[in-house]
RNA sequence: GUGACCAUAGUUCAAUGGUUAGAGCAUCGGUUUGUGGUGCCGAGGAUUUGGGUUCAAUUCCCAGUGGUUACCCCA
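In our numbering, the protein residues as written are 1014 to 1435.
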């Protein structure tokens, strides 16, 4: 009987929506000024795009997707992330033919069926950017630095940038064998999930929070950065050099591997202590094989995604948001005849570029004035029977508490003049 | 999926095994005649659902639902 929102979803009410507008504007301005262009893709895709793109074994794919059959029994999925759809669009629209390197950004809703908690919803929003086509470390560094700059310009100070390299697929293959060998003797001491990981996706053991497993890792597991081949090492060194050169603070997290299978070489995330246990505000990395995995031509790429809800939480915590109240001129009406006049008046005013609104409740003048005050209106126009008789209107400055009479004849232009003088 | 905590008005929070379940804020109205913010006065509005214990349950017990949070994993 009573409709309520779906678990894990959120209504963004007028008390909050302005924050979203503010941040979205900031994001697009910042990214556009670095040469990124927006891309918007559909909210759903064929399921296979994600199973192939993200990896069947990942948690996202194996237990968190909203998958359903359409009327033609085709399996579709609400997008749980945006890199795969962007790459699909890149391939499908032959963007590589238009430009050897494509710098794209997106802002949109994603869907994952997880248990909601602080900083985690089932429908949530991310913005992100992708550099598709460049194999070079400056692309990696740029992505990291852009996020750093964006967050800094928003007033975030205590950021922690963690970077790591998990190597190309080639050097990782060798490393995984080394890792397997090093952990094998301790296999029985690993937690049950890690024992499973040992066979399915051994790299994920690094994600385990079990202290026993961590101890084993610290003691026996070689770090992946120490087992990179020459090219990977050089790539990573250059990324670090570029970050150093631009005074971008970072720490190397040798144990950071990421949850999506497509990553290669550089991975990174930025965390904030202002968030709860979900402290990653953005995360990303290089994915040199995703395009070909999705049947495109072999194309290197690097990207990052940022959780908007988490970003807004941090900014709220830092009291970054300041509401700038700019309210339209409020028109008070008294009597039926006034309504016609006022309706025409606000139409004309808006045509002249003057924001204006009229009372819609036909309440007493007092109530309408109160409404205007609550709206924070700087100007109020009053038209009642007396005014119509005299062919005028009353224009009141709510701040100075002064009011003047204006002839109805030329009212819109007259008001426009007075208001813009202020 | 597992655990913990929570559920009283629009909201934040009180109270109670037994008559009309209170308050702040918010909303609406009044404070003389057609003028907002502060003050004063007033009004509307609530015990999550189902079962059980009891003469009697909003209160105690069980279950459901919902919320928050942690784990897993991620942004």
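No residue lacks a Cβ here, since even glycine has one placed at the ideal position from N, Cα and C. In this text, all values refer to a predicted model and were calculated from it rather than measured experimentally.
Checklist entry - With 16 as the cutoff for other CB atoms within 10 Å, does residue 1014 come out buried or exposed? => result Locating residue 1014 in the first chain gives position 1, where the first residue counts as 1. Low confidence applies here, because residue 1014 scores a pLDDT of 45, under 50, leaving its location unreliable; read the following figure in that light. Exposed, by the Cβ-count rule.
Checklist entry - Going by beta carbon distance, what residues of the same chain come within less than 7 Å of residue 1359, once the five residues before and after it are set aside? => result Reading the first chain from its first residue, position 346 is the one you call residue 1359. Answer for residue 1359: 1344, 1369, 1370 and 1371, listed in chain order.
Checklist entry - Once you ignore the five residues that flank residue 1352 on each side, which residues in its own chain have a CB closer than 6 Å to its CB? => result Start at 1 with the first residue of the first chain, and residue 1352 comes out as number 339. If we look at residue 1352 and ignore the five residues flanking it on each side, its Cβ neighbours are 1346.
Item to check | Option nearest residue 1411 by Cα separation, candidates 1373, 1340 and 1170 | outcome: Start at 1 with the first residue of the first chain, and residue 1411 comes out as number 398. Minimum Cα distance to residue 1411 is reached at 1340.
Checklist entry - What whole-angstrom Cβ distance do residue 1436 and residue 1068 have, given they're in contact under 8 Å? => result This structure does not reach residue 1436, given that the chain is present from 1014 up to 1435, and the question cannot be answered.
Next on the checklist: Relative to the C-alpha of residue 1103, which candidate in 1404, 1393 and 1312 has its C-alpha closest?
Outcome noted: Taking the first residue of the first chain as position 1, residue 1103 is located at position 90. Nearest option by C-alpha distance: 1312.
Item to check | Under the three-state DSSP convention, the category residue 1177 falls into | outcome: Taking the first chain and counting its residues from 1, one reaches residue 1177 at position 164. Of the three classes helix, strand and coil, the one that applies to residue 1177 here is strand, per DSSP.
Next on the checklist: Does the structure place the stretch 1205-1221 close enough to the stretch 1102-1120 that three or more beta carbon pairs sit under 8 Å?
Outcome noted: no
Checklist entry - In terms of alpha-carbon separation, which member of 1129, 1050 and 1066 lies closest to residue 1289? => result For this step, residue 1289 is matched to residue 276 along the first chain. Ranking 1129, 1050 and 1066 by Cα distance to residue 1289 puts 1129 first.
Checklist entry - Assuming residue 1122 and residue 1056 make a contact with CB atoms under 8 Å, what is their CB distance in whole Å? => result On the first chain, position 109 is the one that residue 1122 refers to. On the first chain, position 43 is the one that residue 1056 refers to. Residue 1122 to residue 1056, Cβ: 7 Å. Contact.
Checklist entry - Considering only the beta carbon of each residue, do residue 1229 and residue 1196 sit closer than 8 Å? => result Start at 1 with the first residue of the first chain, and residue 1229 comes out as number 216. Start at 1 with the first residue of the first chain, and residue 1196 comes out as number 183. Yes, the pair counts as a contact, with Cβ atoms nearer than the cut-off.
Checklist entry - CB residue 1241 to CB residue 1180, shorter than 8 Å? => result Counted from its first residue, the first chain places residue 1241 at position 228. Counted from its first residue, the first chain places residue 1180 at position 167. Against a cut-off of 8 Å, the Cβ pair of residue 1180 and residue 1241 comes out as a contact.
Item to check | As assigned by DSSP and simplified to three states, the class of residue 1126 | outcome: As a first step, residue 1126 is located in the first chain; it is residue number 113 there, counting from the start. Correct three-state label for residue 1126: coil.
Next on the checklist: Using a Cβ-Cβ cutoff of less than 8 Å, which residues in the same chain neighbour residue 1278 once the five nearest sequence positions on both sides are dropped?
Outcome noted: In the first chain, counting from the first residue as 1, residue 1278 sits at position 265. Excluding residues within five positions, the ones whose Cβ falls inside 8 Å are 1153, 1178, 1179, 1180, 1181, 1245, 1248, 1249, 1298, 1299 and 1301.
Checklist entry - Which residues mark the beginning and the end of the alpha helix (DSSP H) in which residue 1303 is found? => result Position 290 of the first chain, counting from 1, holds the residue named residue 1303. Unbroken alpha helix (DSSP H) run through residue 1303: 1303-1306.
Item to check | Outcome for residue 1436 when other beta-carbon atoms lying within 10 angstroms are tallied against a minimum of 16 | outcome: For the chain, the structure presents residues 1014 to 1435; residue 1436 sits outside this window and is missing.
Next on the checklist: Taking only three categories from DSSP, how would you classify residue 1408?
Outcome noted: The sequence position of residue 1408 within the first chain is 395, counting from 1. Of the three classes helix, strand and coil, the one that applies to residue 1408 here is strand, per DSSP.
Checklist entry - When you compare each of 1136, 1342 and 1119 to residue 1394 by their alpha carbons, which one comes out closest? => result Position 381 of the first chain, counted from the start, is the residue given in the question as residue 1394. Closest option to residue 1394, Cα to Cα, is 1342.
Checklist entry - Is the beta carbon of residue 1134 less than 8 Å from the beta carbon of residue 1040? => result Within the first chain, residue 1134 is the residue found at index 121, counting from 1. Within the first chain, residue 1040 is the residue found at index 27, counting from 1. For residue 1134 and residue 1040, no; Cβs fall outside 8 Å.
Item to check | Buried versus exposed call for residue 1375 [16 or more other C-beta atoms within 10 Å across all chains shown] | outcome: As a working note, residue 1375 is residue 362 in the first chain. By the neighbour-count rule (16 or more Cβ atoms within 10 Å), residue 1375 is not buried but exposed.
Next on the checklist: Distance check for residue 1284 and residue 1266, CA to CA, integer angstroms please.
Outcome noted: In the first chain, residue 1266 corresponds to position 253, counting from 1. In the first chain, residue 1284 corresponds to position 271, counting from 1. For residue 1266 and residue 1284, the distance between alpha carbons rounds to 12 Å.
Checklist entry - Exposed or buried, what is residue 1385 when buried is set at 16 or more other beta-carbons lying within 10 Å of its beta-carbon? => result Counting from 1 along the first chain, the entry for residue 1385 is found at position 372. Under this definition residue 1385 is a buried residue.
Next on the checklist: Can you find the residues in the same chain that come closer than 6 Å, C-beta to C-beta, to residue 1156, ignoring five residues on each side of it along the sequence?
Outcome noted: In the first chain, the residue the question calls residue 1156 occupies position 143. Closer than 6 Å at Cβ, skipping near neighbours: 1315 and 1317.
Checklist entry - By the 10 Å Cβ neighbour count, where 16 or more other Cβ atoms means buried, how is residue 1332 classified, buried or exposed? => result The sequence position of residue 1332 within the first chain is 319, counting from 1. Residue 1332 comes out exposed.
Next on the checklist: Just to confirm before moving on: does the CB-CB distance between residue 1140 and residue 1159 stay below 8 Å?
Outcome noted: In the first chain, counting from the first residue as 1, residue 1140 sits at position 127. In the first chain, counting from the first residue as 1, residue 1159 sits at position 146. Using a Cβ distance threshold of 8 Å, residue 1140 and residue 1159 do not count as a contacting pair.
Next on the checklist: For residue 1032, which residues in the same chain have their Cβ closer than 7 Å to its Cβ, ignoring the five residues on either side in sequence?
Outcome noted: Residue numbering aside, residue 1032 sits at position 19 when the first chain is read from its first letter. The beta carbon of residue 1032 lies closer than 7 Å to those of 1325 and 1334 in the same chain, with the five residues before and after it left out.
Next on the checklist: What would DSSP say about residue 1334, mapped onto helix, strand or coil?
Outcome noted: For the purposes of this step, residue 1334 is taken as residue 321 along the first chain, with counting starting at 1. In the structure shown, residue 1334 sits in coil (DSSP, three-state: anything other than H, G, I, E or B).
Checklist entry - Whole alpha helix (DSSP H) runs in the stretch 1043-1104 with 4 or more residues, listed along the chain? => result 1060-1067 and 1072-1076
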